[in-house]
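Numbering (the numbering used here), first residue to last: 1 to 168. For every residue, glycine included, the Cβ atom is placed at its ideal position computed from N, Cα and C.
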């Protein structure tokens with residue numbers, strides 16, 4: 001887990017487990033020579049370069065896959081690949097340590113209890129709203145739960161103070 005606070009918003013990153021990263025890397029490195037041998041030798045830029053580019057992009061996207069939970073000013077922001085979900089603090093009814101998911105459960109999945117999971121395996125955090133629940137993989141789930149609760153209380157108190165000062 002990587003915590004980044006220098007930009008102002010706490011960010012919790014959970015990468016793909018090594019027991020999955022290593023086999024993916026081995027498969028990609030085993031397939032690359034076969035793919036390169038199957039394309040014509042010349043012209044290099046027309047055939048070999050695209051094969052290498054596809055291999056590098058696949059390696060980078062699969063091996064460096066992560067789920068990012070970022071505590072913005074007004075919402076929890078969850079990012080898994082290109083998919084981004086924001087949950088405003090006002091909508092959150094409960095934050096708790098979630099279930100420990102299997103190491104092979106990766107990606108966005110519908111869990112047995114109907115919650116949407118943004119998973120990398122291992123410990124997780126459950127964020128519940130009136131409409132649904134979201135389960136996000138987090139290495140130090142107790143710490144993440146505390147950070148979300150503090151940020152949620154701060155955002156709600158700030159909003160209440162803002163509404164009192166405007167006379168609404």
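- Taken in chain order, the complete beta strand (DSSP E) segments of 3 or more residues contained in the region 102-148 are 107-110, 116-119, 124-129 and 133-137.
- Relative to the Cα of residue 70, the nearest Cα in the group 117, 11, 155 and 43 belongs to 11.
- With the rule of 3 Cβ pairs closer than 8 Å, the region 22-29 does not count as touching the region 96-104.
- Contact between residue 130 and residue 91 holds, since their C-beta atoms are separated by about 7 Å, short of 8 Å.
- Contact check for residue 37 against residue 59 fails: the beta carbons are separated by 8 Å or more.
- Relative to residue 154, the option among 61, 47, 76 and 67 whose CA is nearest is 76.
- Between the C-alpha atoms of residue 146 and residue 61 there is a straight-line separation of about 31 Å.
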